[in-house]
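Visitor: Here's a structure for you.
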Amino acid sequence: MISKNKIRLVRQLSGKKFRCENALFVAEGHKCVNDLLNSFECVWMACIESYLLPVTANKPIEVQIVTADELRRISLLETPQDVLAIFKMRRSDVKCVEVEGALTLAIDGVQDAGNMGTIIRIADWFGIENIVCSQGTVDIYNPKCVQATMGALARVNLFYTDLPAFLKCASEKVTVFSTTLDGENIYQTNLPSSAVLVMGNEGNGVSDAVREVCDRALFIPSFPSGRPTSESLNVGVATAVACAEIRRRTICEG
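Adding 919 to a residue's 1-based position in the sequence shown gives its number in the numbering used here.
Here you go:
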């Protein structure tokens, strides 16, 4: 049986303040947990017996076998899965981010945890190793965000910093692109494979402070031109379109 202290700990880790104070976060589901085991230190795991992996036998992990009903009682998900684990956060220094020779994502105030998780997964798919976030961006260790990454959090480095200051330094080395509704047509613009791509808040887009330090702005046009359409794309979808176009140019023009 899971102790009351462990149940309390899992519940408390649903809150950002407690996560930050203890440098711990929760992940659930075999795909997500399996991937994170390779990159993060796991301190406790509750799982049904059929989940157990050989890798857990070689690591100092406190593993507790539980029933599906017990797992449901502690899960932070609407649909609990076969394993729940507590991991230590990974501490990283934004000063180690090298923008030259790479495509880097910058996130300016994205608030929805599901959107942020999707962006991390997109970065993983397109081989983007670093994402630099503004201080006002949603916490990447939010349980919903962790779940939405589907394990991609293990392969993408994330940093929180003063974003305008970071981008100002980055613009001395590579082109910094913001994504706006009044920028250059992304399909008709030169897109270097080495750049920083800034994605903005769901409702307000890229902030004025960030736009001021960007070199150029990109726009994803709707089709056909002039046809009444949606006001904008979801930030996760826009990130996927922009990253795919940059990578396509790298393949076709490289």
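Quick reminder that beta carbons are idealized off the backbone N, C-alpha and C, glycines included.
Determine whether the beta carbon atoms of L1003 and A1042 lie at a separation below 8 Å.
Guide: Translated into the one-based positions of the sequence shown, residue 1003 becomes position 84. Translated into the one-based positions of the sequence shown, residue 1042 becomes position 123. Not closer than 8 Å, so no.
Visitor: Going by DSSP, what residue range makes up the beta strand (DSSP E) through R1135?
Guide: As a first step, residue 1135 is located in the sequence shown; it is residue number 216 there, counting from the start. Taken as a continuous stretch (DSSP letters only), the beta strand (DSSP E) holding R1135 covers R1135 to F1138.
Visitor: Anyone know if the C-beta pair for S1097 and R1130 falls short of 8 Å?
Guide: Within the sequence shown, the letter at position 178 stands for residue 1097. Within the sequence shown, the letter at position 211 stands for residue 1130. Going by C-beta atoms, S1097 is nearer than 8 Å to R1130.
Visitor: May I have a chain-ordered list of the beta strand (DSSP E) segments no shorter than 3 residues that lie completely inside the segment 1069-1113?
Guide: 1076-1080 and 1094-1104
Visitor: Closest to C939 by CA distance: which of V985, A1067, R1009 and E981 is it?
Guide: Locating residue 939 in the sequence shown gives position 20, where the first residue counts as 1. When each option's Cα is compared against that of C939, the closest is R1009.
Visitor: Would the beta-carbon of Q878 fall within 8 Å of that of C951?
Guide: Any answer about residue 878 is impossible in this case: the structure gives the chain only from 920 up to 1173.
Visitor: Would C1064 be called buried (16 or more neighbouring beta carbons within 10 Å of its own) or exposed?
Guide: Translated into positions along the sequence shown, residue 1064 becomes position 145. Answer is buried; the Cβ neighbour count reaches 16.
Visitor: Would you kindly work out how many angstroms separate the C-alpha atoms of S1144 and D1101, rounded to a whole number?
Guide: What you label residue 1144 is simply residue 225 of the sequence shown in a count that begins at 1. What you label residue 1101 is simply residue 182 of the sequence shown in a count that begins at 1. In a straight line, the C-alpha of S1144 is about 14 Å away from that of D1101.
Visitor: Using DSSP bridges, identify the partner residues of L1024.
Guide: For the purposes of this step, residue 1024 is taken as the residue at position 105 of the sequence shown. DSSP, once it has assigned bridges, lists I1050 and L1116 as partnering L1024.
Visitor: From the DSSP output, in three-state form, read off F1142 for me.
Guide: Sequence index remark: in the sequence shown, residue 1142 carries index 223 (1-based). F1142: coil per DSSP, three-state reduction.
Visitor: Which residues in the same chain have their Cβ closer than 7 Å to the Cβ of A1089, if we skip the five residues on either side of it in sequence?
Guide: As a first step, residue 1089 must be located in the sequence shown, where it is residue number 170. Cβ within range, chain order: V1018, V1095 and V1115.
Visitor: Are the segment 1021-1034 and the segment 1117-1129 touching, with three or more C-beta to C-beta distances below 8 Å?
Guide: Below 8 Å, enough C-beta pairs join the segment 1021-1034 and the segment 1117-1129 to call them touching: three or more.
Visitor: Would you list the one or two residues that DSSP bridges to A965?
Guide: For the purposes of this step, residue 965 is taken as residue 46 along the sequence shown, with counting starting at 1. According to DSSP, which records beta bridges pairwise, A965 is partnered with Q983 and L1003.
Visitor: Taking the alpha helix (DSSP H) that L955 falls in, what are its first and last residues?
Guide: Reading the sequence shown from its first residue, position 36 is the one you call residue 955. Segment H949 to L955, the alpha helix (DSSP H) holding L955.
Visitor: Would you call Q1000 buried or exposed, if buried means 16 or more other Cβ atoms sit within 10 Å of its Cβ?
Guide: Here residue 1000 refers to the residue found at position 81 when the sequence shown is read from its first residue. Label assigned to Q1000: buried.
Visitor: Decide if M920 is buried, meaning its Cβ has at least 16 other Cβ atoms within 10 Å, or exposed.
Guide: Residue numbering aside, residue 920 sits at position 1 when the sequence shown is read from its first letter. Label assigned to M920: exposed.
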